[in-house]
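So the protein sequences, as listed, match chains S and L. At position 65 of the first sequence the residue is numbered 65 (our numbering), and the sequence of numbers has no breaks. Adding 1000 to a residue's 1-based position in the second sequence gives its number in our numbering.
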Amino acid sequence: MTSNSKLNPENMTDVLGLYIKDVIDAYPAVGAVLATAGIGCVTCNVGTCLIKDVVSIHNLTEAQEQSLFAGIASVVFPGRTVSLPKTERKAQNLGVQQLSPPLQALVNEHTNIKRVLTLIPALSERIQKGFDAQSRQICTQVLSFIREYADRFHHAKEEDILFKFFDSGSDIIGVMCKEHEIGRNHVRAALAALEQNDATTFIEQLQAYGLLLTEHIRKEDEILYPWMNRELSDSQVGKLFSKFGAVDEEFGAKAKQYLGMMETLEKG
Amino acid sequence: MSQCGCPGSQTMAFKRDEATTATDSGVAVKSQLAQWPVQLHLINPMAPYFQGADVVLTADCVAYALGNYHSNYLKGKSIAIACPKLDSEQEEYVEKIKSWIDDAKINTLTVMIMQVPCCRGLMGVAQRAAEQATRKVPIKCVIVGLQGDIIGESWA
Chain S
1 MTSNSKLNPE
11 NMTDVLGLYI
21 KDVIDAYPAV
31 GAVLATAGIG
41 CVTCNVGTCL
51 IKDVVSIHNL
61 TEAQEQSLFA
71 GIASVVFPGR
81 TVSLPKTERK
91 AQNLGVQQLS
101 PPLQALVNEH
111 TNIKRVLTLI
121 PALSERIQKG
131 FDAQSRQICT
141 QVLSFIREYA
151 DRFHHAKEED
161 ILFKFFDSGS
171 DIIGVMCKEH
181 EIGRNHVRAA
191 LAALEQNDAT
201 TFIEQLQAYG
211 LLLTEHIRKE
221 DEILYPWMNR
231 ELSDSQVGKL
241 FSKFGAVDEE
251 FGAKAKQYLG
261 MMETLEKG
Chain L
1001 MSQCGCPGSQ
1011 TMAFKRDEAT
1021 TATDSGVAVK
1031 SQLAQWPVQL
1041 HLINPMAPYF
1051 QGADVVLTAD
1061 CVAYALGNYH
1071 SNYLKGKSIA
1081 IACPKLDSEQ
1091 EEYVEKIKSW
1101 IDDAKINTLT
1111 VMIMQVPCCR
1121 GLMGVAQRAA
1131 EQATRKVPIK
1141 CVIVGLQGDI
1151 IGESWA
C-alpha cells in the first residue's frame, strides 16, 4: 500500500487526495466507474497518481466530472449523501485541440515505434523453436531500433526536455518515467536472453515490452500529451520546438537509418 | 442593407448585453503594449524587442473586436499589425516576417485574423515567409469572430 493512504476517507475531498491504485484495491467497483469516463487506470502498472490529478488530466466537462464523482461516492460511501467537490477548471476550453508541432512530432515518432511493435507477435512465432542466423539478425535489429530510436532518441526527448517543462515531482510524470524504466529492464533482459540463446526468455521479455509500450503510448497520445498541450504556453511551445530541433539535427541521420531499418523489417 | 457582396465590408450592428458590459465600465485596463512602432511597414524586424520573441502579427481589426486582446494575446509578446486587404506592397511584409524568423530568431509567430475571408491573406503572407525562411518556428493562427469570440486556434 502506498504511503498517503487514508482508506477511511470522510468525504469526497479525502477520496480525491488518495492514490488511485489504493482506492481501486480497496473499492474494486471504482475501476468500473472510472472506465465509464474513459479512465483506464485499472490496468496501470504503477498506479501512484492521485485521483484528483487523474481526473484533471482527462479534461472532462463539469457535468462529466460531477457524474464521475457521484459514481465514486456511491461506491465509497454507499447509502450516504455526500457533497461533491469541484476541481479548478481552466476558463477557456475550446474542446478538442490540435497538438502543437513539438507534441505532434512525438506522436509521429510513436507511429514509427508502433510499427515495430506490431512485428513482435510474428517474430515470437518464428523463434519459438529457437534462433537461426536470420532470425537472430532480425531480433538484433528490433532490439537496436528499440534501444536507439525508441529510447535514446524519443524517450530522451521526453525525459530530458518535455517533462522538464512540468513539475518533475508530479505523480503522472513519475509514472511515465517509471514505465520507461520498466521497458528498459525488459529490453536488457531480452538482449541477455539473445546472447544466451534463450529464445523462451527472449520472447517473454519482448512481448512484455510490446504490451507495456503499446499501453504507454496510448496513454501519452490520448491523455498526457493533450493535457500538456493545454498547459504549455505559446512561448514554451517555441522553446520545446527549438530544443527538439537540436535533437533532430544531432540524431537526424541515425533516425533516418533506423526508419529505413523499420521498413526493411516490415518487408520481412 | 444588401445581404450580398464582400463579408469584410458588409454593414452590421451588434447588440451588447448591458449586464455583461456594465462591470467593465470605468475600470482602467492596463496596456500590454511594450514597443513602438507597431505597423508592419514601420517596424524594424531586427529591433531588440523582436530578438528571440514571441511575436503576434495581428490584423488591424482584431484588437477592436476582441475585448481581452491586451491581457490574453498581447501580454508578453512583441507585435506588428497589418491589413491584408488594404495594405500595399505586401512583398515587403514577406521579407520582414522572413527576417523575424531567420535574423531575429523569433521563438513563435501567432497570426491573429478576423473571420472574414479577406483576412486569411495575412496568414498566407506569414506562410509564404515561413516557407522562404531557413529556420522553422511554430506558427499559430487565431481566428476572431466579428463579435469578439474566438472561432478557432490552430498550429500551421
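Each residue gets a CB set at the ideal place from its N, CA and C atoms; glycine is no exception. Keep in mind the model is a prediction, meaning the values are calculated, not measured.
Open item on the list: Can you check whether the C-beta of S1099(L) is within less than 7 Å of a C-beta belonging to chain S?
Closed with: With its beta carbon at least 7 Å from every one in chain S, S1099(L) lies outside the interface.
Task: Cβ neighbour criterion (16 or more within 10 Å) applied to N108(S) - done: Burial call: exposed.
Task: Classification of D22(S) by the beta-carbon crowding that lies within 10 angstroms, buried from 16 upward - done: It is buried - the Cβ of D22(S) has at least 16 other Cβ atoms within 10 Å.
Open item on the list: Tell me which residues of the region 1038-1055 of chain L have at least one Cβ-Cβ distance to chain S shorter than 7 Å, keeping chain order.
Closed with: Residues passing the 7 Å Cβ filter: D1054.
- [ ] Flag this pair as yes or no: are the beta carbons of V76(S) and Y27(S) separated by less than 7 Å?
- [x] Taking 7 Å as the Cβ cut-off, V76(S) and Y27(S) qualify as a contacting pair.
Task: Limits of the beta strand (DSSP E) - the one that S242(S) falls within - done: Segment 234-267 is the alpha helix (DSSP H) holding S242(S); no beta strand (DSSP E) there.
Open item on the list: Using the Cβ count rule (16 or more neighbours within 10 Å means buried), how would you classify Y1064(L)?
Closed with: With a 10 Å radius around the Cβ and a threshold of 16 neighbouring Cβ atoms, Y1064(L) comes out exposed.
TODO: Verify the CB distance criterion: does P226(S) have a CB-CB separation below 7 Å to chain L?
DONE: So, not an interface residue.
TODO: Can you tell me which of F69(S), Q97(S), S74(S) puts its alpha carbon nearest to the alpha carbon of P85(S)?
DONE: Ranking F69(S), Q97(S), S74(S) by Cα distance to P85(S) puts F69(S) first.
Open item on the list: So with CB distances below 7 Å, who are the chain S contacts of T1110(L)?
Closed with: Near T1110(L) (Cβ distances below 7 Å), the residues of chain S are D234.
- [ ] For the region 129-190 of chain S, list the beta strand (DSSP E) runs that are entirely contained and at least 3 residues long, ordered along the chain.
- [x] List check, beta strand (DSSP E) in window: nothing returned.
Open item on the list: Quick check on the DSSP output: what are the complete alpha helix (DSSP H) runs of length 4 or more inside the region 1062-1126 of chain L, in order along the chain?
Closed with: Counting only runs that start and end inside the region 1062-1126 of chain L, the alpha helix (DSSP H) elements of at least 4 residues fall at 1062-1065, 1090-1102.
- [ ] Spell out whether any CB of chain S is found under 7 Å from the CB atom of W1036(L).
- [x] Not closer than 7 Å to any Cβ of chain S, the Cβ of W1036(L) fails to qualify, so no.
- [ ] Determine the burial state of S1071(L): buried for a count of at least 16 other Cβ atoms within 10 Å of its Cβ, exposed for fewer.
- [x] It is exposed - the Cβ of S1071(L) has fewer than 16 other Cβ atoms within 10 Å.
Task: Neighbour list for G1076(L) in chain S, Cβ cutoff strictly below 8 Å - done: Simply S235.
Task: Bounding residues of the alpha helix (DSSP H) (the contiguous stretch that carries G31(S)) - done: That run of the alpha helix (DSSP H) goes 29-36.
Task: Chain-ordered chain S contacts of P1138(L) [CB-CB under 7 Å] - done: Ordered by position in chain S, the residues that pass the 7 Å Cβ test against P1138(L) are S100, P101, V237, G238, F241.
TODO: Quick one: measure Cβ to Cβ for I1079(L) and L1033(L), integer angstroms, because I've assumed they're closer than 8 Å.
DONE: Sure, about 7 Å apart at Cβ, within 8 Å.
Open item on the list: Count Cβ pairs between the region 165-181 of chain S and the region 216-236 of chain S that sit closer than 8 Å; are there 3 or more?
Closed with: Inter-segment contact for the region 165-181 of chain S and the region 216-236 of chain S is present: three or more beta-carbon pairs are separated by less than 8 Å.
Open item on the list: Would you say N1107(L) lies against chain S (beta-carbon separation less than 7 Å)?
Closed with: Put simply, the CB of N1107(L) is near chain S, with a gap under 7 Å to one of its CB atoms.
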